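Sequence order for the protein chains is A and B.
Take 235 as the starting number for the first sequence in the numbering used here and just add one per residue.
Take 235 as the starting number for the second sequence in the numbering used here and just add one per residue.
There are 2 protein chains.
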Amino acid sequence: MNLSQISNTIHPLPEASIQKLEGHISELSFPKGHILLRANKVESNIYFIKKGIARLYTQKPDNEITFLFCKEGDTLMSLKSYVIGQKGYEDVELLEDCELYQLKTEVLEDLYQSDIHIANWGRKLAELELIKTEERFIARQFRTASERYHELLELHPDLIQRVQLGHIASYLGISQVSLSRIRAEIR
Amino acid sequence: MNLSQISNTIHPLPEASIQKLEGHISELSFPKGHILLRANKVESNIYFIKKGIARLYTQKPDNEITFLFCKEGDTLMSLKSYVIGQKGYEDVELLEDCELYQLKTEVLEDLYQSDIHIANWGRKLAELELIKTEERFIARQFRTASERYHELLELHPDLIQRVQLGHIASYLGISQVSLSRIRAEIR
DNA sequence: AAAATAATTTTACAAATGTTAAAAAATACT
DNA sequence: AGTATTTTTTAACATTTGTAAAATTATTTT
Numbered sequence: 235m236n237l238s239q240i241s242n243t244i245h246p247l248p249e250a251s252i253q254k255l256e257g258h259i260s261e262l263s264f265p266k267g268h269i270l271l272r273a274n275k276v277e278s279n280i281y282f283i284k285k286g287i288a289r290l291y292t293q294k295p296d297n298e299i300t301f302l303f304c305k306e307g308d309t310l311m312s313l314k315s316y317v318i319g320q321k322g323y324e325d326v327e328l329l330e331d332c333e334l335y336q337l338k339t340e341v342l343e344d345l346y347q348s349d350i351h352i353a354n355w356g357r358k359l360a361e362l363e364l365i366k367t368e369e370r371f372i373a374r375q376f377r378t379a380s381e382r383y384h385e386l387l388e389l390h391p392d393l394i395q396r397v398q399l400g401h402i403a404s405y406l407g408i409s410q411v412s413l414s415r416i417r418a419e420i421r
Numbered sequence: 235m236n237l238s239q240i241s242n243t244i245h246p247l248p249e250a251s252i253q254k255l256e257g258h259i260s261e262l263s264f265p266k267g268h269i270l271l272r273a274n275k276v277e278s279n280i281y282f283i284k285k286g287i288a289r290l291y292t293q294k295p296d297n298e299i300t301f302l303f304c305k306e307g308d309t310l311m312s313l314k315s316y317v318i319g320q321k322g323y324e325d326v327e328l329l330e331d332c333e334l335y336q337l338k339t340e341v342l343e344d345l346y347q348s349d350i351h352i353a354n355w356g357r358k359l360a361e362l363e364l365i366k367t368e369e370r371f372i373a374r375q376f377r378t379a380s381e382r383y384h385e386l387l388e389l390h391p392d393l394i395q396r397v398q399l400g401h402i403a404s405y406l407g408i409s410q411v412s413l414s415r416i417r418a419e420i421r
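The following block contains the structure:
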């Protein structure tokens with residue numbers, strides 16, 4: 235998924251603003267297994283995923299919890315770094331070879347102050363992330379583990395293929411054993 | 235908490251922009267028990283709470299789940315209505331007599347297009363809500379019910395006084411019986 | 001103040017989910 | 001291809017959490 239598709243999906247921009255934005259974006263590649271971000275550090279970039287998939291997770295004393303997958307077209311960032319300049323929760327591991335677009339948040343912040351179209355694009359970016367985060371929260375609060383698994387199957391069938399079940403279970407908030415039990419149910 | 239305090243806490247605005255914004259905001263009062271919003275309707279306003287407390291919840295076939303409390307200084311909105319103009323999940327009940335500031339989203343949208351300061355204010359509004367929503371999600375995913383209860387006690391001690399425990403339990407994602415058990419633990 | 005209503009806690013039991021360990025299946029390596 | 005390694009499933013058991021109903025406590029109404 236190329237950059238203009240991604241940025242346009244967030245919010246359409248006039249050509250001049252697109253140029254300003256794209257002029258500050260660089261492209262990067264990393265192999266599967268690469269750790270892109272580390273928890274407890276302030277991250278000074280945001281990323282757009284051109285190709286590949288990543289998981290955001292936190293280390294707990296005895297295990298780790300995956301709380302988000304980001305794939306082609308998604309924006310990947312440490313929210314707390316981006317919004318309030320504080321260190322975030324997330325380690326980020328690339329689960330496949332990835333191609334990423336990178337943008338310095340500092341540069342973006344300047345663009346927000348000088349270009350009203352980019353300011354509204356940034357507003358939309360935050361609003362769309364907000365909706366997604368609320369959806370995840372609602373799923374967690376309102377639905378059973380089984381419902382969440384089947385919902386994931388429907389909405390993101392590729393995830394089950396691309397990500398190992400241990401991470402999926404963690405993402406769903408259950409143990410891998412529970413996920414196996416759910417998958418074993420005949421339906 | 236008055237309007238300029240609230241809007242300034244979100245993001246400082248130059249005087250001219252404050253005037254534009256405040257010119258479109260009206261003030262309302264409702265008694266305890268009033269249902270401010272209904273689920274499955276597109277809501278055309280957002281609210282800022284001057285005084286009082288509200289709970290956002292969804293009706294399930296046999297029970298209801300409270301997923302957010304909003305109080306003085308908070309922004310209260312149907313996220314899906316505000317961001318994508320779709321009907322939301324939430325019923326909203328006022329748990330105390332409330333004084334609210336009301337703003338039409340349509341008007342706000344126009345201001346976003348014409349005033350870069352207000353556009354950035356709106357961006358900040360979304361970003362701060364995003365951080366809060368992520369925090370709630372993280373609490374749910376990373377911490378035990380007991381930890382979440384004690385965290386709530388620390389961060390919002392007034393909530394326990396102002397809101398009945400059945401709603402708190404629902405908010406924490408546990409049954410009221412479980413909450414009673416947690417509260418009975420000696421510490 | 002007494003009665004009625006609502007909220008909270010407690011109890012007993014049922015259901016769901018977690019933990020640990022072993023078996024089976026899938027994948028990677030030489 | 002065969003071996004080693006990793007991932008997934010299954011089994012047995014422990015723990016947590018839920019449900020329903022009763023008991024207690026608090027609040028509201030008359």
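Every residue, glycine too, gets a C-beta built ideally from N, C-alpha and C.
On a predicted model such as this, the values are computed, not experimentally measured, just so you know.
In this structure, the CA atom of B/ARG357 is about 43 Å from the CA atom of B/GLU419. Under the Cβ distance rule, A/TYR346 counts among the residues neighbouring chain B, one pair being separated by less than 7 Å. Every alpha helix (DSSP H) stretch that sits fully inside the segment 237–324 of chain A and reaches 4 residues is listed by chain position as 237–244, 249–256, 313–318.
Boundaries around B/LEU337 are those of the beta strand (DSSP E), 332–338, since no alpha helix (DSSP H) includes it. Residue range 410–418 is occupied by the alpha helix (DSSP H) that includes A/LEU413. With 16 or more other CB atoms across the displayed protein chains lying within 10 angstroms of its CB, A/ALA360 is buried. For B/ASN274, same chain residues with a beta-carbon under 7 Å away, outside a window of 5 residues either side, are LYS321 in chain order. At a cut-off of 7 Å between beta carbons, B/ILE299 contacts chain A.
Around A/THR292, the beta-carbon contacts reaching into chain B at under 7 Å are PHE376. Among the residues facing chain A, B/GLU369 is not included, as its CB has no counterpart in that chain under 7 Å away. Membership of B/LEU386 in the alpha helix (DSSP H) is indicated by the continuous run 379–389. With the rule of 3 Cβ pairs closer than 8 Å, the segment 316–336 of chain B counts as touching the segment 277–284 of chain B.
Excluding residues up to 5 positions away in sequence, ASP331 lie with their Cβ nearer than 7 Å to the Cβ of A/PRO265 in the same chain. Less than 7 Å separates the beta-carbon of A/LEU290 from that of A/VAL326. Secondary structure at B/LEU329: coil, using DSSP grouped into helix, strand and coil.
According to the DSSP assignment, A/GLY400 belongs to the alpha helix (DSSP H) that extends over 399–406. Contact between A/TYR383 and A/LEU413 holds, since their C-beta atoms are separated by about 7 Å, short of 8 Å. The beta carbon of B/ILE287 does not come within 7 Å of any beta carbon belonging to chain A, so the residue lies off that interface. Per DSSP, reduced to three states, the secondary structure at B/ASP392 is helical.
The beta carbon of B/SER278 is closer than 8 Å to those of SER315, LYS338, THR339, GLU340 in its chain, skipping five residues each way along the sequence.
For A/ALA250, no CB of chain B lies under 7 Å from its own CB, so it is not counted at the interface with that chain.
Against chain B, the CB of A/ILE416 has no partner CB under 7 Å away; the residue lies outside that interface. A/LEU310 and B/ASP296 have their C-alpha atoms spaced approximately 38 Å apart. At least one beta carbon of chain B lies nearer than 7 Å to the beta carbon of A/VAL317. Linking A/ILE402 to A/ILE394 through their CA atoms gives a straight-line distance of about 8 Å. Scanning B/LEU262, B/SER241, B/SER263 for the CA closest to the CA of B/LYS254 turns up B/SER241. Around the beta carbon of B/ALA288, a 10 Å sphere encloses 16 or more other beta carbons of the protein chains shown; the residue is thus reported as buried.
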